[in-house]
Amino acid sequence: DEPDIALHPEWQKRMINYIINFFNLIRDKNIHLIFTTHSPFLLSDIPKQNIIFLDKNEDGTCKVVNELKEKKETFGANIHTLLSDSFFMENGLTGEFAKGKIDEVIQYLNGKEDTKIKNDDEAQKLVNIIGEPIVKNQLQRMLDSKRLKKIDEIDAIKKSMAEMQKRLDELEK
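Per my numbering, the very first residue in the sequence shown carries number 181; after that it's consecutive.
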């Protein structure tokens, strides 16, 4: 049961190779190895026909998931794809806390007023620490756009104020 659970990811990547090399030494024996895992590293070394995907029913009992086996190749697959597909990670691979903070930034940038983020500086601090480059770059573009709109609005108000002051000065003469 989960022989990889206490192993560093680098050792998880090597585990199947070591097991296969060992079994090649005792090829004359009729041995079958069955193990469970949650490691995409192990799955990426095993063809899908040698994998049984399991999930829980609503009542908590275990069920075999055949439709996943029909769709996805596992051997040599990208570990991130395996993690999201093979382990039923339907809501992405980002942690819930980080996802919540990113959502707060998005709400702020979209003009929602009752967000926990109160100003551009707070939003910038969160954008600065995001590790996913696509998300980070998109949020930075949105924040830059918001700032430019604010600058344009300030400039327009200053211009309008200058025109009003000029008009006021003319009227007072």
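Every residue, glycine too, gets a C-beta built ideally from N, C-alpha and C.
Fair warning: this is a prediction, and the values are worked out from it, not measured in the lab.
First through last residue of the beta strand (DSSP E) which encompasses residue i
i, result
"V244", "C242 to V244"
"D235", "L234 to K236"
Three-state secondary structure (DSSP) of residue i
i, result
"D301", "helix"
"L213", "coil"
"D283", "helix"
"A187", "Residue identity differs from the one stated: residue 187 is Leu in this sequence, not Ala. Three-state result, L187: coil."
"K193", "helix"
"N258", "coil"
"K292", "coil"
"I310", "coil"
"I206", "coil"
"K252", "coil"
"I226", "coil"
Test item: CB-CB of residue i and residue j under 7 Å
i, j, result
"K281", "L263", "no"
"E284", "K296", "yes"
"P220", "I259", "yes"
"T254", "L223", "yes"
"D235", "K243", "yes"
"T217", "D184", "yes"
Spatial neighbours of residue i in its chain, beta-carbon cut-off 6 Å, leaving aside the 5 residues before and after
i, result
"E312", "none"
"N237", "K243"
Closest by C-alpha distance to residue i, when choosing among the options
i, options, result
"A278", "N308, K326 and L328", "N308"
"G275", "F203, F202, E343 and I310", "I310"
"I232", "F215, G256 and K316", "F215"
"G256", "I286, K193, N246 and D225", "D225"
Host alpha helix (DSSP H) of residue i (start-end)
i, result
"K339", "P313 to E352"
"P220", "P220 to L223"
Cβ shell of residue i (< 8 Å), same chain only, five flanking positions each side left out
i, result
"Q304", "L323"
"N210", "none"
Beta-carbon contacts of residue i that lie in its chain and below 7 Å, excluding the five residues immediately before and after
i, result
"R327", "D300"
"Y288", "T295, I297 and A303"
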